[in-house]
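Contents: one structure, followed by commentary.
Protein chains in written order, with my numbering: chain A, 1084 to 1423; chain B, 118 to 439.
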């Protein structure tokens, strides 16, 4: 660590990759453990958006915490460019956070109510980029233009309670992109917002990706926005990757029974009532995680809820199979798709 | 069965004029109907739900108009008469309803509190009824012996729905009952609710921000914007011929994930401040079809077949035809 940390920050090459290699995270002690991540592998490249999809408890947020270095994996490794994320601490961790930022779900609780809009954006600029107050204010104003918190003069002295939900989330995004990170982990960034303003925020994320070449890990339970926004979709169930591939492929041709269940749960007003055009409707009992029993040991994690379960599912853990563009982990997939 | 006429609710304030969250709303809910009330945050839908169940403090709020349930005007009843009517004719499930259970009482005791207060069932009858209802909401009857913290969010919300049905009310108002739950659990609960509604024949007012969800399950949908009901139609009809520009824009926000291409669309602008008087149509500033009248004259609801729309576009059409 002979270099000043700001010098080292500049040395991050433009062809960095975020790489999760067999990442596992287990919470709790022996006898009462929760597997929040199990052998997760994926990469994120510059300018790409990868969606992590799953219902609550699927381990989406755990992965966010592992990627941002808030928690360390119990197994495997997380690498970002030259950093071994799972062993970062102190100054290195701070340096890492200049490049990897986070957007949280709830814009009502992720902003300090006492800070003005301007201060919220100025702070990371001063802390991570070492700007002077006046430089930071100028930069912050231009970021406010980027996220369209405009007119700037009108918003800069406001506090969070004087902003609408959508405006708050714009501010959270502004704060996250202020020091030009390479990667932003967005954990359910629109699920607390009204449907009519969700699209605006998602378009903003897409625009930032294109204009700044920023990558996003987009965490969501919404298949529609995952498909519209991301390049790749990773479907998680109880910490396991059950399906992974190009966004269009996974969402249009879901191969894993769990992905199909998620797909059929999307409200679609134009679908005629009681009729399910594409996916197979699993029985009522298998739909609801609250009704499912504990995870089977050793076998497929989805086996207790799966309508297509066979004996092997309870003993053999399925591996991800298929083409790189679309893989899924199921022993008895009802309609395997092999679209290239 | 339920008739609401010119209901207007203003939250008064010592500073300023107060916030009028419900603005002269009229509608009725017949027996055995699943009605969805849809709107975005701050449109007054929860206020309307509270006002219907007379849960707003008359000392702090100005409430005008009438709410008539089975011939009784709720706002003219004595407190005692109103208390008797609650749970037995009208019950309410709230968004945080799952957290409204008393954490130190078993589920069955919380059910029995309600039943003891409002009926003269014996203990054995009560226990039978509880287990019957828990089964109806797809829970194991043994849940009655559990404390609330032993149940997941989805299970608690199911139990809350069972509790609302315990005395066979005529009308159940559910305010965002599934918003805190994830999509899979949400769908299974609403499917269950809709099946129960058909089977037992009570009426449901399902308040939600999610038009997509409501359209799939409701018989009739009321769309609320800025304190007013802008469109009120049978669900099938609304899907086919949504007429109000707000409803149309809202419908566009729901894309089919399986379609050839998916584009995300929203509605530009933001809803008006309910603390101020609204000139003309509240949606006019965000409406692509707005014309001069929209900014000055408030649109009155116009009958459109089996539904109603409050929009000048359709009044103009009517005038032109006559």
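Beta carbons: idealized from backbone N, C-alpha and C, even for Gly.
Under 8 Å by beta carbon: chain B residues contacting residue i
i: residue 1280 of chain A; result: 383, 384, 387
i: residue 1095 of chain A; result: Simply none; closest approach about 32 Å.
i: residue 1346 of chain A; result: 374, 375
i: residue 1248 of chain A; result: 158
Within chain A, partners of residue i - CB distance below 9 Å
i: residue 404 of chain B; result: Those do not exist, as residue 404 of chain B stays about 13 Å from chain A at its closest Cβ, beyond 9 Å.
i: residue 367 of chain B; result: 1278, 1279
Start-to-end residues for the alpha helix (DSSP H) that takes in residue i
i: residue 169 of chain B; result: 162-169
i: residue 1329 of chain A; result: Unbroken run through residue 1329 of chain A is the beta strand (DSSP E), 1323-1329; no alpha helix (DSSP H).
i: residue 1382 of chain A; result: Neither: residue 1382 of chain A is in no alpha helix (DSSP H) and is coded neither H nor E.
i: residue 130 of chain B; result: No alpha helix (DSSP H) contains residue 130 of chain B, which DSSP labels as neither H nor E.
i: residue 293 of chain B; result: Unbroken run through residue 293 of chain B: none, as it is neither H nor E.
i: residue 157 of chain B; result: Note, residue 157 of chain B: premise wrong, no alpha helix (DSSP H); not H, not E.
i: residue 1123 of chain A; result: Unbroken run through residue 1123 of chain A is the beta strand (DSSP E), 1117-1127; no alpha helix (DSSP H).
i: residue 1251 of chain A; result: 1248-1260
i: residue 1293 of chain A; result: 1278-1295
Contact set between residue i and chain B, taken where Cβ atoms lie within less than 9 Å
i: residue 1286 of chain A; result: 381, 383
i: residue 1293 of chain A; result: Here the premise fails: no neighbours, minimum Cβ distance about 15 Å.
i: residue 1313 of chain A; result: Chain B residues near residue 1313 of chain A: none, gap ~11 Å exceeds 9 Å.
i: residue 1307 of chain A; result: 371, 372, 373, 374, 379, 381
i: residue 1139 of chain A; result: 270, 298, 299, 302
i: residue 1334 of chain A; result: 374, 375, 379
6 Å CB neighbourhood of residue i in its chain, flanking five on each side removed
i: residue 426 of chain B; result: 348, 360, 361, 419
i: residue 1409 of chain A; result: 1328, 1332
i: residue 163 of chain B; result: 292
i: residue 209 of chain B; result: 170, 290
i: residue 410 of chain B; result: 429
i: residue 1166 of chain A; result: 1179
i: residue 161 of chain B; result: 138, 139, 344
i: residue 1340 of chain A; result: 1389, 1391
i: residue 432 of chain B; result: 419
i: residue 296 of chain B; result: 212
i: residue 446 of chain B; result: The structure shown has nothing for residue 446 of chain B, since chain B only spans 118 to 439.
i: residue 372 of chain B; result: 379
i: residue 1369 of chain A; result: Caution is warranted here: a pLDDT of 45 is assigned to residue 1369 of chain A, below 50, making its placement in the model unreliable, and no coordinate value can be reported.
i: residue 1413 of chain A; result: 1339, 1401
Contacting residues, own chain, Cβ-Cβ under 7 Å from residue i (five flanking each side not counted)
i: residue 247 of chain B; result: 225, 228, 261
i: residue 144 of chain B; result: 121, 339, 346, 349
i: residue 1381 of chain A; result: 1398, 1400
i: residue 250 of chain B; result: 279, 282, 283
i: residue 1379 of chain A; result: Its pLDDT being 47, under 50, residue 1379 of chain A is placed unreliably in this model, and the value from its coordinates should be taken loosely. Cβ neighbours of residue 1379 of chain A beyond the five flanking positions: 1386, 1387, 1397.
i: residue 1357 of chain A; result: The pLDDT assigned to residue 1357 of chain A is 43, lower than 50, so where the model puts this residue is not dependable; a value taken from the coordinates is nonetheless given after this. Once the five neighbours on either side are set aside, residue 1357 of chain A has no close Cβ partner at all.
i: residue 1250 of chain A; result: 1232
i: residue 1107 of chain A; result: 1120, 1121, 1122, 1156, 1157, 1158, 1159
Contacting residues, own chain, Cβ-Cβ under 8 Å from residue i (five flanking each side not counted)
i: residue 1104 of chain A; result: 1124, 1159, 1160, 1161, 1162
i: residue 156 of chain B; result: 162, 326, 340, 341, 342
Chain-ordered neighbours of residue i on chain A, where CB pairs are closer than 7 Å
i: residue 329 of chain B; result: 1350, 1351, 1352
Run of the beta strand (DSSP E) containing residue i, from where it starts to where it stops
i: residue 1299 of chain A; result: 1298-1303
i: residue 1307 of chain A; result: Note, residue 1307 of chain A: premise wrong, no beta strand (DSSP E); alpha helix (DSSP H) at 1306-1312.
i: residue 140 of chain B; result: 136-146
i: residue 1103 of chain A; result: 1101-1110
i: residue 424 of chain B; result: 424-426
Within chain D, partners of residue i - CB distance below 9 Å
i: residue 326 of chain B; result: Within the model displayed, chain D is absent; protein chains A and B are what it includes.
Under 7 Å from the C-beta of residue i: neighbouring residues of chain B
i: residue 1283 of chain A; result: 383
i: residue 1310 of chain A; result: 374, 379
i: residue 1424 of chain A; result: For residue 1424 of chain A there is no data in the structure shown, the boundaries of chain A being 1084 and 1423.
Proximal residues of chain A, C-beta to C-beta of residue i below 8 Å
i: residue 267 of chain B; result: By Cβ distance, chain A contributes nothing, its closest Cβ being about 12 Å from residue 267 of chain B, past 8 Å.
i: residue 332 of chain B; result: 1350, 1352
Can we say the region 360-377 of chain B touches the region 175-195 of chain B, given the rule of at least three CB pairs closer than 8 Å? No, because fewer than three Cβ pairs between the region 360-377 of chain B and the region 175-195 of chain B fall closer than 8 Å, the two stretches do not touch.
Which runs of the alpha helix (DSSP H), 4 residues or longer, sit entirely within the region 1139-1207 of chain A? Runs of the alpha helix (DSSP H) lying entirely within the region 1139-1207 of chain A, each at least 4 residues long, are 1143-1150, 1173-1182 in chain order.
Pick out the complete beta strand (DSSP E) segments inside the region 338-409 of chain B, 3 residues or longer, and give them in chain order. 345-351, all fully within the region 338-409 of chain B.
Flag this pair as touching only if the region 1336-1351 of chain A and the region 1170-1184 of chain A have three or more C-beta atom pairs under 8 Å; answer yes or no. Between the region 1336-1351 of chain A and the region 1170-1184 of chain A, the count of Cβ pairs shorter than 8 Å is below three; the stretches do not touch.
Count the C-beta pairs between the region 1193-1213 of chain A and the region 1273-1283 of chain A that are closer than 8 Å, then say yes if the count reaches three, no if not. With the cut-off at 8 Å, the region 1193-1213 of chain A and the region 1273-1283 of chain A do not touch.
Can you confirm whether the region 145-152 of chain B touches the region 397-414 of chain B when touching is taken to mean that 3 or more C-beta pairs between the two stretches lie within less than 8 Å? In short, these stretches do not touch, since the Cβ pair count stays below three.
Sequence ranges, alpha helix (DSSP H) only - wholly within the region 206-261 of chain B, length at least 4: Qualifying alpha helix (DSSP H) stretches, in chain order: 224-235, 240-253.
Would you call the region 277-291 of chain B and the region 319-328 of chain B touching, i.e. three or more CB-CB distances under 8 Å? Taking 8 Å as the limit for Cβ pairs, the verdict is that the region 319-328 of chain B does touch the region 277-291 of chain B.
Is the region 1226-1242 of chain A touching the region 1145-1155 of chain A in the sense that three or more CB pairs, one from each, lie closer than 8 Å? No contact exists between the region 1145-1155 of chain A and the region 1226-1242 of chain A.
When you compare the region 1296-1305 of chain A with the region 1111-1119 of chain A, are there three or more beta-carbon pairs, one atom per stretch, that lie closer than 8 Å? Contact check between the region 1296-1305 of chain A and the region 1111-1119 of chain A: fewer than three CB pairs, one atom from each, fall below 8 Å, which does not count as touching.
Taking 8 Å as the cut-off, does the region 301-316 of chain B touch the region 270-278 of chain B (at least 3 CB pairs, one atom from each stretch)? Below 8 Å, enough C-beta pairs join the region 270-278 of chain B and the region 301-316 of chain B to call them touching: three or more.
Indicate whether the contact test is met: 3 or more Cβ pairs, each with one atom in the region 192-206 of chain B and one in the region 266-273 of chain B, closer than 8 Å. Segments in contact, no.
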